[in-house]
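Q:
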Amino acid sequence: MSVRQNGEIINNNLLYNDYYKVDFYAPEITKNAKAGQFIHLKIAKLEDRILRRPFSICNVSNDGTLTILYKVVGKGTEHLSKLKKCDVCDIMGPLGNPYSPPLDDEIPVVIAGGYGAASTYLLLHNSQQKGYLLLGGRSKDDLILVDEYKKTGSTVLTSTNDGSYGHKGLVTELIPDVLAKNKGKKLRFYACGPMGMLMAVGQQLLKEGFDAELSLDHLMCCGVGACFACVIKVKANNEDGWRYARTCSEGPIFKASEVYYG
Ligand SMILES: Cc1cc2nc3c(=O)[nH]c(=O)nc-3n(C[C@H](O)[C@H](O)[C@H](O)COP(=O)(O)OP(=O)(O)OC[C@H]3O[C@@H](n4cnc5c(N)ncnc54)[C@H](O)[C@@H]3O)c2cc1C
Ligand code: FES
373 MSVRQNGEII NNNLLYNDYY KVDFYAPEIT KNAKAGQFIH LKIAKLEDRI LRRPFSICNV
433 SNDGTLTILY KVVGKGTEHL SKLKKCDVCD IMGPLGNPYS PPLDDEIPVV IAGGYGAAST
493 YLLLHNSQQK GYLLLGGRSK DDLILVDEYK KTGSTVLTST NDGSYGHKGL VTELIPDVLA
553 KNKGKKLRFY ACGPMGMLMA VGQQLLKEGF DAELSLDHLM CCGVGACFAC VIKVKANNED
613 GWRYARTCSE GPIFKASEVY YG
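Set out below in structure tokens:
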């Protein structure tokens, strides 16, 4: 169940380059939060921008700490980065559907790009089965949470478009190696990142005979299914073969096999 609560900032620090980590005290939200869900945040003291901003729940603790990791990309996130300890933000959450955890005999394989790695951290952190993180970015500066994922026992493979770290190329190019190394084992795939990457991951895995859970973090407005600002196309049994689905209330997680790629 989602609630609305005032979350007091415990700390808000620069992690690397444009990426920040903020911890809120928000026990009403953390107690129901699951991996893959998000919060809708009204950024304190941002009077000229009333819209909330969505952020994935990166981590939660039993003491009520809710962690999000964000990249400064515009006015809202820039303003958020200036907030200090004890500032209070109005938070709605947890919103959206969670990832389904891997079964005991399944190896989780997460494919993440940029801040998408924040959405999947809790999934591998909570997983009994040690899995894989395939992490891609434009350059080394976009590869976030590498050490944190390693601490979960996951095997971390990286790629960058400019070759500044790990494999030079696209993160999807790391998938065949994982498939080859795990022939005969049960793999369960998850992905979060830019839309282009998610579409490529979904289609590649379907071609290989696997499904995947894709977190489609589309632009959002109301965050609760009322405005249709966040729609994507999913398959449907109608004349067109597709319908619009709201990523905020029907997602953000969709099966790769549900998405309409036309
Ligand atoms: C479900 C969900 C989870 C998200 N989780 C995270 C997260 O964990 N960490 C994080 O840093 N960001 C996350 N985002 C994106 C985040 O909401 C936006 O970056 C933020 O709202 C931008 O606000 P702004 O005012 O700084 O930028 P604006 O001034 O509103 O926009 C600046 C630029 O960012 C682009 N932008 C805005 N929203 C998105 C989006 N959803 N996807 C891609 N580009 C966008 C705009 O098109 C524009 O080019 C998530 C989005 C969704 C829908
Ligand atoms: S953001 Fe309003 S319906 Fe999804």
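When you number the sequence shown by the working numbering, it's gap-free, plus one each residue, and the end is 634. C-beta atoms are modelled at their ideal positions from N, C-alpha and C, and glycine is treated no differently. All figures in this text were calculated on a predicted structure; none of them were measured in a lab.
#1: Could you spell out the range, first to last residue, of the alpha helix (DSSP H) harbouring residue 538?
#2: Using a threshold of 9 angstroms, state whether the C-beta atoms of residue 484 and residue 574 are closer than that.
#3: Assuming residue 440 contacts residue 411 under a Cβ cut-off of 8 angstroms, what Cβ separation, rounded to an integer in Å, is found between them?
#4: Which of the three DSSP states is assigned to residue 373 in this structure?
#5: Output the boundary residues of the alpha helix (DSSP H) element that contains residue 604.
#6: So for residue 562, helix, strand or coil by DSSP?
#7: Considering residue 580, what are the terminal residues of the beta strand (DSSP E) in which it resides?
#8: Report whether the distance from the Cβ of residue 600 to the nearest heavy atom of ligand 2 is below 8 angstroms.
#9: Taking Cβ positions, are residue 513 and residue 390 nearer each other than 9 angstroms?
#10: Once the 5 residues before and after residue 627 are set aside, which same chain residues still bring their CB inside 8 angstroms of it?
#11: Shortest alpha-carbon distance to residue 559 belongs to which of 474, 378, 445, 386?
#12: So, with DSSP's three-state summary, where would you put residue 523?
#13: Can residue 442 be considered in contact with ligand 1, in the sense that its beta carbon sits closer than 8 angstroms to one or more heavy atoms?
#14: Look at the alpha carbon of residue 499 and the alpha carbon of residue 476, and state the distance between them as a whole number of angstroms.
A: Looking at the atomic coordinates:
#1: Taking the first residue of the sequence shown as position 1, residue 538 is located at position 166. First-last for residue 538: undefined, no H or E at that position.
#2: The sequence position of residue 484 within the sequence shown is 112, counting from 1. The sequence position of residue 574 within the sequence shown is 202, counting from 1. Result no, Cβ atoms of residue 484 and residue 574 do not sit closer than 9 angstroms.
#3: Within the sequence shown, the letter at position 68 stands for residue 440. Within the sequence shown, the letter at position 39 stands for residue 411. Confirmed, about 7 angstroms.
#4: Taking the first residue of the sequence shown as 1, we reach residue 373 at position 1. DSSP places residue 373 in coil when its eight states are reduced to three.
#5: In the sequence shown, counting from the first residue as 1, residue 604 sits at position 232. Not the alpha helix (DSSP H): residue 604 falls in the beta strand (DSSP E), residues 603-607.
#6: One-based indexing of the sequence shown puts residue 562 at position 190. Strand.
#7: By 1-based counting over the sequence shown, the position of residue 580 is 208. That residue, residue 580, is in no beta strand (DSSP E); it is neither H nor E in DSSP.
#8: For the purposes of this step, residue 600 is identified with residue 228 of the sequence shown, where counting begins at 1. Yes, the Cβ of residue 600 comes within 8 angstroms of a heavy atom of ligand 2.
#9: Numbered from 1 along the sequence shown, position 141 holds the residue referred to as residue 513. Numbered from 1 along the sequence shown, position 18 holds the residue referred to as residue 390. Here residue 513 is near residue 390, since their CB atoms are less than 9 angstroms apart.
#10: In the sequence shown, residue 627 corresponds to position 255, counting from 1. Answer for residue 627: 583, 584, 585, 586, listed in chain order.
#11: Residue 559 sits at position 187 when you count from the first residue of the sequence shown. Residue 559 has its Cα closest to that of 474, out of 474, 378, 445, 386.
#12: Taking the sequence shown and counting its residues from 1, the one referred to as residue 523 is at position 151. When DSSP states are grouped into helix, strand and coil, residue 523 belongs to the helix group.
#13: Here residue 442 corresponds to residue number 70 of the sequence shown, with the count starting at 1. Indeed, a heavy atom of ligand 1 lies less than 8 angstroms from the Cβ.
#14: Within the sequence shown, residue 499 is the residue found at index 127, counting from 1. Within the sequence shown, residue 476 is the residue found at index 104, counting from 1. Cα-Cα distance, rounded: 9 angstroms.
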